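Asker: In the order they appear, the protein sequences are chains A and B.
Using the working numbering, the first residue of the first sequence is number 1, and each one after it goes up by one.
Using the working numbering, the first residue of the second sequence is number 165, and each one after it goes up by one.
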Amino acid sequence: MHRSITVTVNGQSRTAEVEPRMLLVYFLREVLDLRGVHVGCDTTSCGVCAVLLDGVPVKSCTMFAVQADGRSLTTVEGLASNGQKHAVQEGFKEEHGLQCGFCTPAMMLVASALLEENANPSESEIRWAISGNLCRCTGYQNIVKAVQHAAATLNPQPASGRTT
Amino acid sequence: MAVTDTSPGWLGKSIKRKEDDRFIAGRGNYIEDINLPAMLHMAILRSPYAHARINGIDASAASALPGVVAVVTGELLAQHKLAWMPTLSGDTQAVLATDKVRFQGQEVACVIAEDRYVAHDALELIEVDYEPLPAVVDPFAALDDGAPLIRDDKDGQTDNRIYHWEAGDAEATERAFAEADRVVTVNTHYPRSHPAPLECCGCVADVNPASSRATIYMTSQAPHAIRTVFALVAGLPEQNIQVISPDIGGGFGNKVPVYPGYVVATAASLLIGRPVKWIEDRTGNLISTGFARDFHMKGELALTNDGRMLGLRVKMLSDQGYAYADAQPSKLKAGLFHIVTGSYDMPAAHVITDGAYTNKAPGGVAYRCSFRVTEASFLIERLVQSAAYDLGIDPVELRRKNFIRSDQFPYTSATGFVYDSGDYEGALDLALEKARYSELRAEQAELRKEGKLIGIGIASMTEALGAGPSRDYDILGIKMFDSAELRVHPTGKAILKLGVRHQGQGHETTFAQIVAHELGIPPDDILVHEGDTDNTPYGLGTYASRSTPVAGAAAAMVARKLRDKSKKIAAHLLEVAEEDLEWEIGKFSVKGAPDRSKTIQEIAFAAYTDHPPGMEAGLEGAHYYDPPNLTFPFATYIVVVEVDAETGEWKPRQVVAVDDCGVRINPMIVEGQIMGGLTEGFAMSAMQQITFDEDGNCIGANFMDYLLPTAWETPHFDLYETCTPSPHHPIGCKGVGESATVGSPAAFVNAVVDAVAHLGVRDVDMPVTSGAVWEAIQAVKGTG
Ligand code: FES
Ligand code: FES
Numbered sequence: 001m002h003r004s005i006t007v008t009v010n011g012q013s014r015t016a017e018v019e020p021r022m023l024l025v026y027f028l029r030e031v032l033d034l035r036g037v038h039v040g041c042d043t044t045s046c047g048v049c050a051v052l053l054d055g056v057p058v059k060s061c062t063m064f065a066v067q068a069d070g071r072s073l074t075t076v077e078g079l080a081s082n083g084q085k086h087a088v089q090e091g092f093k094e095e096h097g098l099q100c101g102f103c104t105p106a107m108m109l110v111a112s113a114l115l116e117e118n119a120n121p122s123e124s125e126i127r128w129a130i131s132g133n134l135c136r137c138t139g140y141q142n143i144v145k146a147v148q149h150a151a152a153t154l155n156p157q158p159a160s161g162r163t164t
Numbered sequence: 165m166a167v168t169d170t171s172p173g174w175l176g177k178s179i180k181r182k183e184d185d186r187f188i189a190g191r192g193n194y195i196e197d198i199n200l201p202a203m204l205h206m207a208i209l210r211s212p213y214a215h216a217r218i219n220g221i222d223a224s225a226a227s228a229l230p231g232v233v234a235v236v237t238g239e240l241l242a243q244h245k246l247a248w249m250p251t252l253s254g255d256t257q258a259v260l261a262t263d264k265v266r267f268q269g270q271e272v273a274c275v276i277a278e279d280r281y282v283a284h285d286a287l288e289l290i291e292v293d294y295e296p297l298p299a300v301v302d303p304f305a306a307l308d309d310g311a312p313l314i315r316d317d318k319d320g321q322t323d324n325r326i327y328h329w330e331a332g333d334a335e336a337t338e339r340a341f342a343e344a345d346r347v348v349t350v351n352t353h354y355p356r357s358h359p360a361p362l363e364c365c366g367c368v369a370d371v372n373p374a375s376s377r378a379t380i381y382m383t384s385q386a387p388h389a390i391r392t393v394f395a396l397v398a399g400l401p402e403q404n405i406q407v408i409s410p411d412i413g414g415g416f417g418n419k420v421p422v423y424p425g426y427v428v429a430t431a432a433s434l435l436i437g438r439p440v441k442w443i444e445d446r447t448g449n450l451i452s453t454g455f456a457r458d459f460h461m462k463g464e465l466a467l468t469n470d471g472r473m474l475g476l477r478v479k480m481l482s483d484q485g486y487a488y489a490d491a492q493p494s495k496l497k498a499g500l501f502h503i504v505t506g507s508y509d510m511p512a513a514h515v516i517t518d519g520a521y522t523n524k525a526p527g528g529v530a531y532r533c534s535f536r537v538t539e540a541s542f543l544i545e546r547l548v549q550s551a552a553y554d555l556g557i558d559p560v561e562l563r564r565k566n567f568i569r570s571d572q573f574p575y576t577s578a579t580g581f582v583y584d585s586g587d588y589e590g591a592l593d594l595a596l597e598k599a600r601y602s603e604l605r606a607e608q609a610e611l612r613k614e615g616k617l618i619g620i621g622i623a624s625m626t627e628a629l630g631a632g633p634s635r636d637y638d639i640l641g642i643k644m645f646d647s648a649e650l651r652v653h654p655t656g657k658a659i660l661k662l663g664v665r666h667q668g669q670g671h672e673t674t675f676a677q678i679v680a681h682e683l684g685i686p687p688d689d690i691l692v693h694e695g696d697t698d699n700t701p702y703g704l705g706t707y708a709s710r711s712t713p714v715a716g717a718a719a720a721m722v723a724r725k726l727r728d729k730s731k732k733i734a735a736h737l738l739e740v741a742e743e744d745l746e747w748e749i750g751k752f753s754v755k756g757a758p759d760r761s762k763t764i765q766e767i768a769f770a771a772y773t774d775h776p777p778g779m780e781a782g783l784e785g786a787h788y789y790d791p792p793n794l795t796f797p798f799a800t801y802i803v804v805v806e807v808d809a810e811t812g813e814w815k816p817r818q819v820v821a822v823d824d825c826g827v828r829i830n831p832m833i834v835e836g837q838i839m840g841g842l843t844e845g846f847a848m849s850a851m852q853q854i855t856f857d858e859d860g861n862c863i864g865a866n867f868m869d870y871l872l873p874t875a876w877e878t879p880h881f882d883l884y885e886t887c888t889p890s891p892h893h894p895i896g897c898k899g900v901g902e903s904a905t906v907g908s909p910a911a912f913v914n915a916v917v918d919a920v921a922h923l924g925v926r927d928v929d930m931p932v933t934s935g936a937v938w939e940a941i942q943a944v945k946g947t948g
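(1) Taking 7 Å as the threshold (beta carbon to beta carbon), is Met868(B) in contact with chain E?
(2) I'd like to know whether the C-beta atoms of Gly656(B) and Ala770(B) end up nearer to each other than 7 Å.
(3) Where does Asp929(B) fall in DSSP's three states?
(4) Measuring only the C-alpha atoms, how far is Ala258(B) from Tyr553(B)?
(5) In whole angstroms, what separates the C-alpha of Ser160(A) from that of Ala152(A)?
(6) Considering only heavy atoms of ligand 2 and the C-beta of each residue, which residues fall inside 5 Å, strictly closer?
(7) Please report the distance separating the alpha-carbon of Glu94(A) from that of Asn193(B).
(8) Is any heavy atom of ligand 1 found at a distance shorter than 6 Å from the C-beta of Lys657(B)?
(9) I'd like to confirm the pairing. Which residues does DSSP put opposite Lys441(B) in its beta bridges?
(10) So with Cβ pairs under 7 Å, would you call Thr163(A) a contact of chain B?
(11) Using a threshold of 6 Å, is the CB atom of Gly949(B) nearer than that to any non-hydrogen atom of ligand 1?
(12) Do Val88(A) and Ser111(A) count as a contact pair if the criterion is CB distance below 7 Å?
(13) Is any non-hydrogen atom of ligand 1 found closer than 6 Å to the C-beta of Gly190(B), if you look at the structure I gave you?
(14) Mind checking which residues open and close the beta strand (DSSP E) that includes His328(B)?
(15) Can you pull the chain A neighbours of Leu872(B), defined as C-beta to C-beta under 9 Å?
(16) Measuring straight from C-alpha to C-alpha, what distance separates Asp279(B) and Val48(A)?
(17) Going by Cα to Cα distance, which pick from Val478(B), Gly632(B), Gly519(B) and Asp688(B) is closest to Val347(B)?
(18) What are the boundary residues of the alpha helix (DSSP H) that Trp747(B) is part of?
(19) Looking at Ala207(B) and Ala283(B), is the spacing between their C-beta atoms short of 7 Å?
(20) On the DSSP letters alone, give me the boundaries of the beta strand (DSSP E) that Gly528(B) sits inside.
(21) Nearer than 6 Å: is that true of the beta carbon of Val37(A) relative to any heavy atom of ligand 1?
(22) With a threshold of 16 other CB atoms inside 10 Å of the CB of Glu939(B), please say whether the residue is buried or exposed.
(23) I think Thr352(B) touches Leu476(B), with their Cβ atoms under 8 Å apart; what is that distance to the nearest whole Å?
(24) Pull up the DSSP beta-bridge partners for Val807(B), would you.
(25) Run through DSSP, which three-state label would Met510(B) get?
(26) According to DSSP, simplified to helix, strand and coil, what is Gly161(A)?
(27) Tell me where the beta strand (DSSP E) around Gln257(B) begins and ends.
(28) Within the same chain, show all residues whose beta-carbon is closer than 8 Å to that of Pro931(B), passing over the 5 residues directly before and after it, in chain order.
(29) With a threshold of 16 other CB atoms inside 10 Å of the CB of Asp263(B), please say whether the residue is buried or exposed.
(30) Tell me the DSSP bridge mates of Phe881(B)?
(31) With 16 as the cutoff for other CB atoms within 10 Å, does Ala286(B) come out buried or exposed?
(32) In chain A, which residues lie with their C-beta within 7 Å of the C-beta of Met832(B)?
(33) Which same chain residues end up closer than 7 Å to Asp255(B) when comparing Cβ atoms and leaving out the 5 residues on each side of it in sequence?
(34) What are the boundary residues of the beta strand (DSSP E) that Asn449(B) is part of?
(35) For ligand 1, is there any heavy atom lying closer than 6 Å to the beta carbon of Gly663(B)?
(36) Among all the DSSP beta bridges, which residues are the ones paired with Asn351(B)?
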């Protein structure tokens, strides 16, 4: 009953045989050994499983691996390039945007997708963008600052005057 | 916000966290990341009933499913005397149900299989013959004569009462009430909540049949205590058990108790001879593991007409679920709830507490809280606000009039705490200034004329934490000291090992800073190691804000021991007497000849290569710290809310927090803790609640029904600080990880009530939903 699927993960093509009922999150964690994606609920509520599917955040606990066949995925392991941290990763460390770290990979991926679309998001745009991702530790304020920090790094001269 | 500290040394420095690099790379090592060769997977079958007799379990179809290795039932465990286990409060709890199930979600059987999908498939094939029994859901009804007896398994238990415990002086309190001009009453329920860390619980148990050695990886905030409990329960020699807590995805008290899943996985690994992994799902986490709060409280405050507090009388009933399982210090049945006199100079107080069994999950854990101080702080701060309205005095003035004054410390409270230090007016004044309190009151009056409502809520909380002095505090008899071991290697780098276990609080950075400050070794050169019972000294764990007060103190003390030895080595190297040396951070130099000096790194090298004759080689030591007292951080929180009187909807407009936790080791991390705490305070006041229907069905054992705040609802926080060092902590610290969770719920609720107080509303129970506000308004309209 297994099916063969091929996905591009963090730029590399990966082929594997999977059970049709295998969730994407367990495919990433257990078949591809990408452990930065986490599981935190059984109702598609917490967002710690978020990855980017063709650049768009999806909750990988709510998709089957077979649905990703032929698509391109980015996980936290793909954020850094050439040994350089992504600006979002720098931002999270600089602004103390994480505590236990469990929500962090998904938060950073969602933030990076936001910054691709909106180089200079306001505080409320950031809060809205990450509102599908729970964090129990930080109270979100430093996550907002972390994303702003990353925006400033990626786009050193932001348009002025947008605070909220 | 944090000010940059340019003083020498490493205290007060917001250095970036050493632990972050692995987390932002996705290379944290959480329980689910641990996989061992030949590992099996476990899934738990839970009871659909809150109360039922088990007439039989048929696991034959499940056992026959390909890939299933074993089905474990209570009966099997009973053969090994493992069907019941002790709780950390000295009660007992079923590992797997044998005679009856006593709450919905109780563990009934476990499947061990080759993969997680098969394990879950097999659960569906287990047939359990239940005979439903009447469920006891209301804790007051539980204590009625004739209520169904929940713990009929316990010899001598004839009713559903768990404990009756009192603090304070009943007679003195009666006299105070007799003299009072007024008595103000608040009746409130602090709802049942759940810490809900984003990572659920889990373990990988690996019992090696050849060596009999059990290595148990688990999500535990207290690995040493858990190992001792395992040794006692299973009769395994303690040296053969190694408990490892890997990275933990949040704890908040939820990961203190021992849960059946850990025990069954370990027993299964022992019986099968292969590693067994159990990863809890969210429903299992919310329905069965340590809930928090659920105190029904009546507080009465006796006052004079001019606002002088004379006495406090409190009656509290705790809904404990079917087992008393909340890890209380053994001498204190309701934890530190008797801190309920708060920040006030209360001449007399009497606190009566009772605990009742109900057909609900066991727990009552200290959720981001030092043993029930959260409920206490809420009650007194609600009482103060109600009293202010009744007396027609501004809530600020009423607080000011009754605060324990700075010159009264150390202050002995009416219930027996000795508060170490405080400056409550200082924190209040700063908060009022930052919130622009008088302008807010003027704005409130103006807006009211336009039919718009804002409310201003204040809470001036004091908490007691850092358990604790071993004369008073123990868990199951194990004294609540904590420990640190420090070794400086020949190259001047060091490893610090601690008995506590962080879950995001930043220990790998802050505890390195403590040692750096005492010895001058930079934090980057110090590895902080926790959470491995073979390789760290014994300690009671991380909860109740005790890590910095106790283990942080141990870290400072062990560093000082090494500094003393370093001085002897420096004297030997410099060929002078010890008295001729002086210390500045990082080196000893000869008094009057500062160019003749030895750095700590040079001294460390000499400790292994050129130590003085007659001295033991090496630079290493241990310290077990038994604190002389608790520490007493305090804060003032001011919350401003907007309320829509038509719909009852409300939202926070401003949150000002002034926290005083003594010396801040890393202000950035402290502020992170405070913001996290404020968010949970907001969450409890506004949305978090676990409820049950009349049959004991748990409503809300998932994140669709049990609401947690997202970034969208969570308000912005303005943080400020005052600093009143603890006089007895070696570096002047107090705990802080929980202050805002403890103190801020009252500020949120006080703010909502304040917005509608002019209509006659005096109380709205948590969670303060828009429906609850609307109903409270309608109720007073009806009576008015
Ligand atoms: S695991 Fe919670 S949304 Fe996917
Ligand atoms: S950092 Fe712990 S859940 Fe976000």
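Cβ coordinates follow ideal geometry from the N, Cα and C atoms, glycine included.
As the structure is a prediction and not an experimental result, all values here were calculated from the model.
Answerer: So, from the listed chains and residues:
(1) Chain labels in this structure do not include chain E; the protein chains are A and B.
(2) A distance of 7 Å or more separates the beta carbons of Gly656(B) and Ala770(B).
(3) In the structure shown, Asp929(B) sits in coil (DSSP, three-state: anything other than H, G, I, E or B).
(4) Cα to Cα, Ala258(B) sits roughly 48 Å from Tyr553(B).
(5) Any reading at Ser160(A) must be qualified, since the residue scores a pLDDT of 48, below 50, and its modelled position is unreliable; the value itself is stated next. Approximately 12 Å between the Cα atoms of the pair.
(6) Result (chain order): Leu98(A), Gln99(A), Cys100(A), Phe102(A), Cys103(A), Cys135(A), Arg136(A), Cys137(A), Leu362(B) and Gly414(B).
(7) Answer to the nearest angstrom: the Cα atoms are 22 Å apart.
(8) Lys657(B): no, Cβ never under 6 Å from ligand 1.
(9) DSSP, once it has assigned bridges, lists His205(B) and Val368(B) as partnering Lys441(B).
(10) For Thr163(A), the pLDDT reaches just 47, beneath the cut-off of 50, and the residue's location in the model is therefore unreliable, although a value from the coordinates is still provided. Chain B contact via Cβ: absent.
(11) For chain B, the structure presents residues 165 to 948; residue 949(B) sits outside this window and is missing.
(12) First, the amino acid is wrong: residue 111(A) is Ala here, not Ser. It is a contact, given that the beta carbons lie within the stated cut-off.
(13) Gly190(B): no, Cβ never under 6 Å from ligand 1.
(14) Taken as a continuous stretch (DSSP letters only), the beta strand (DSSP E) holding His328(B) covers Arg325 to Gly332.
(15) By Cβ distance, chain A contributes Ser45, Cys46, Leu134 and Arg136.
(16) Distance between the alpha carbons of Asp279(B) and Val48(A) is about 23 Å.
(17) Checking every option, the nearest Cα to that of Val347(B) belongs to Val478(B).
(18) In the DSSP assignment, Trp747(B) falls outside any alpha helix (DSSP H) and lies within the beta strand (DSSP E) extending over Leu745 to Glu748.
(19) Cβ distance < 7 Å, so Ala283(B) and Ala207(B) count as in contact.
(20) Gly527 to Val529 is the span of the beta strand (DSSP E), which, as asked, contains Gly528(B).
(21) If you check the C-beta of Val37(A) against ligand 1, you find no heavy atom less than 6 Å away.
(22) Counting other Cβ atoms within 10 Å of its Cβ, Glu939(B) stays below 16 and is therefore classed as exposed.
(23) Actually they do not touch by this definition, with Cβ atoms about 15 Å apart.
(24) According to DSSP, Val807(B) bridges with Leu617(B) and Trp814(B).
(25) Residue state, collapsed to three classes: coil.
(26) With a pLDDT of 45 at Gly161(A), under the threshold of 50, the modelled position of this residue cannot be trusted; read the value that follows with caution. DSSP places Gly161(A) in coil when its eight states are reduced to three.
(27) Looking at the DSSP string, the run of the beta strand (DSSP E) that includes Gln257(B) is Thr256 to Ala258.
(28) Excluding positions up to five away in sequence, the list reads Pro355, Met848, Ser849, Ala850, Met851, Gln852 and Gln853.
(29) With fewer than 16 Cβ atoms within 10 Å of its Cβ, Asp263(B) is classed as exposed.
(30) Phe881(B) is bridged by DSSP to nothing; it lacks a bridge partner.
(31) Counting Cβ neighbours within 10 Å, Ala286(B) comes out buried, since at least 16 surround it.
(32) Simply His96.
(33) For Asp255(B), where only same-chain residues beyond five positions count, the Cβ hits under 7 Å are Ala487, Tyr488 and Ala489.
(34) It is not in any beta strand (DSSP E) - Asn449(B) instead sits in the alpha helix (DSSP H) that spans Arg446 to Ser452.
(35) Outside the cutoff, so no.
(36) Asn351(B) pairs with Lys462(B).
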